[in-house]
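Chemist:
Numbering (the UniProt record's numbering), first residue to last: 1 to 365.
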């Protein structure tokens, strides 16, 4: 571990020097990468510096153990420093676990109504409000790019951009099928219905990450629909970008969130590139899954990740176990999603630590 920590400390020093160079500001993309890496490394470096200070304190306290007048105080300081050093080493072990390279990116969030008809569409909007509140609490901004709204106040589909520090890390656990159990507003008999909403969370593609051939993209402009003011509804500001139209590879993106056709076009291309990147990632993972299944069999879980049970005021995350899987629904729907995300992140770290320990044992054998 010490060798890896030394490498990261040296990298942090290089990043700080690069950020202090006025030339770094000339390349916005490079500067963004540097600031992101600085934020990623800072918690680890802070612990390392605390560790160095504690080691010096521990050495000084151990020297005082031979002094009869100072022995009791020195023993207390040795015990406290040793305990904190053990805690720091455990925290550093977690920080050294592999991280998702997409964690620092912005997010393209897609919500789609599944089973349940109009009720599923209403829950799409409920989830959108939940994510907006959760994002605000995390210092993130959610901006709706496309919404196919219904007369009842729901939506069959919503596409939004979430921007801010480590947006993908905050939202990546939301990918999958969300199930809601409640009495719909349109239900006259008081019967509980079960509906579903699918949530896709795509890391926003950065410039140069995906090679998008614009000759394969058809750009259409049209008049924006829905609320947004006179300017939005009387100018052809909305943009539709269609990749490889009429082929099995077709991807369509609509962006009509602003009055500027140019900005809508730029955002539509960003969303399109993000979907292409996600398609490539999914293809790689599917290939790896097939290879793995041919060797060890399938171990996939149900695609349902979470249930929102209104009669029992309970949210259950099916990826968790025991006391950590249930949360009060009213709090979660008000935006208090952070405890669920923290539990999922903790569960992943524990599995990574177990895997690392198993690899270490295999290596020793």
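A virtual CB, placed ideally from N, CA and C, is assigned to each residue, including glycine.
1. Hey, is the region 116-125 in contact with the region 323-333, meaning 3+ C-beta pairs nearer than 8 Å?
2. Which runs of the alpha helix (DSSP H) spanning at least 4 residues fall entirely within the region 102-166, listed in chain order?
3. Quick check: the Cα distance between residue 62 and residue 52, rounded to an integer number of angstroms?
4. Mind checking whether residue 138 and residue 170 have CB atoms under 8 Å apart?
5. Any beta-carbon of chain B closer than 8 Å to the one on residue 6?
6. Using alpha carbons as the reference points, say which of 165, 189 and 117 lies closest to residue 150.
7. Give the range of the alpha helix (DSSP H) segment to which residue 14 is assigned.
8. Can the beta-carbon of residue 315 be found less than 8 Å from the beta-carbon of residue 159?
9. Since I believe residue 34 is in contact with residue 44 (beta carbons under 8 Å), could you give me their beta-carbon distance rounded to a whole number of angstroms?
10. Alpha carbon to alpha carbon, how far is residue 86 from residue 46?
11. With respect to the alpha helix (DSSP H) encompassing residue 177, which residues constitute its N-terminal and C-terminal limits?
12. Put residue 249 into one of helix, strand or coil per three-state DSSP.
13. Use the C-beta contact count for residue 256: other C-beta atoms within 10 angstroms, 16 or more gives buried, fewer gives exposed.
14. Give me the Cβ distance between residue 114 and residue 198, rounded to the nearest whole Å; I'm assuming they're in contact under 8 Å.
15. Are the CB atoms of residue 36 and residue 104 within a distance shorter than 8 Å?
16. Take the Cβ of residue 264 as the centre, count every other Cβ of all protein chains shown within 10 Å, and call the residue buried at 16 or more, exposed below.
17. In angstroms with no decimal places, state the Cα-to-Cα distance between residue 287 and residue 281.
18. Mind checking whether residue 344 and residue 319 have CB atoms under 8 Å apart?
19. DSSP beta-bridge partners for residue 195?
20. Between which two residues does the alpha helix (DSSP H) harbouring residue 213 extend?
21. Assuming residue 269 and residue 245 are in contact, meaning their beta carbons sit under 8 Å apart, how far apart are those beta carbons, in whole angstroms?
22. Which whole-angstrom value describes the C-beta separation of residue 202 and residue 275, a residue pair presumed to lie in contact below a C-beta threshold of 8 Å?
23. What does the alpha-carbon distance come out to for the pair residue 223 and residue 267?
24. Just to check my reading of the structure: residue 332 and residue 130 have Cβ atoms closer than 8 Å, yes? What is that Cβ distance to the nearest angstrom?
25. Only counting the same chain, and skipping five residues up and downstream in sequence, which positions put a Cβ closer than 6 Å to that of residue 209?
26. Could you check if residue 108 is buried or exposed, using at least 16 other CB atoms within 10 Å of its CB as the buried criterion?
27. Here's a check: name, in chain order, each residue in its chain whose Cβ is nearer than 7 Å to the Cβ of residue 260, leaving out the five neighbours to either side.
28. Given a cut-off of 8 Å, decide if residue 304 and residue 180 are closer than it, judged by their beta-carbon atoms.
29. Hey, how far is the Cα of residue 76 from the Cα of residue 57?
30. Any idea if residue 7 is buried or exposed, counting beta-carbon neighbours within 10 angstroms, 16 or more meaning buried?
31. Once the 5 residues before and after residue 94 are set aside, which same chain residues still bring their CB inside 8 Å of it?
32. Can you tell me which residues form a DSSP beta bridge with residue 326?
Modeler: Per the coordinate set shown:
1. Contact fails: fewer than three Cβ-Cβ distances are below 8 Å.
2. Here the runs fully enclosed are 118-137.
3. Their backbone Cα atoms lie some 15 Å apart in a straight line.
4. Result yes, Cβ atoms of residue 138 and residue 170 sit closer than 8 Å.
5. Looking for chain B here will not work: only one protein chain is present.
6. Ranking 165, 189 and 117 by Cα distance to residue 150 puts 117 first.
7. Residue 14 -> alpha helix (DSSP H) spans 2-19.
8. A distance of 8 Å or more separates the beta carbons of residue 315 and residue 159.
9. Taking a contact as a CB-CB distance under 8 Å, the pair residue 44 and residue 34 does not count as one, their CB atoms being some 16 Å apart.
10. Rounded to the nearest angstrom, the two C-alpha atoms are 16 Å apart.
11. If you look at residue 177, you'll find it isn't in any alpha helix (DSSP H); it sits in the beta strand (DSSP E) that goes 176-182.
12. Residue 249 falls in the coil class under three-state DSSP.
13. Classification of residue 256: buried, given that the 10 Å Cβ count is 16 or more.
14. With a Cβ gap of about 5 Å, residue 114 and residue 198 count as contacting.
15. For residue 104 and residue 36, yes; Cβs fall inside 8 Å.
16. Residue burial annotation: residue 264 is buried, with at least 16 other C-beta atoms found within 10 angstroms of its C-beta.
17. Residue 287 and residue 281 have their alpha carbons spaced roughly 10 Å apart.
18. Yes.
19. In the DSSP output, where bridge partners are listed per residue, residue 195 has 180.
20. Segment: none, residue 213 is in no alpha helix (DSSP H) and carries neither H nor E.
21. Taking the Cβ atoms as the reference, residue 269 lies roughly 15 Å from residue 245, outside the contact range of under 8 Å.
22. Rounded, the Cβ-Cβ distance is 6 Å, consistent with contact.
23. When rounded, the distance between both Cα atoms is 17 Å.
24. Residue 332 to residue 130, Cβ: 7 Å. Contact.
25. Nothing meets the Cβ criterion.
26. Sixteen is the threshold: when 16 or more other Cβ atoms of the shown chains lie within 10 Å of the Cβ of residue 108, as they do, the residue is buried.
27. Once the five neighbours on either side are set aside, the close Cβ partners of residue 260 are 237.
28. With contacts defined by Cβ atoms closer than 8 Å, residue 180 and residue 304 do not form a contacting pair.
29. As the crow flies, the alpha-carbon of residue 76 is around 12 Å from that of residue 57.
30. Classification of residue 7: exposed, given that the 10 Å Cβ count is below 16.
31. Cβ neighbours of residue 94 beyond the five flanking positions: 349 and 353.
32. Beta-bridge partners of residue 326 (DSSP): 316.
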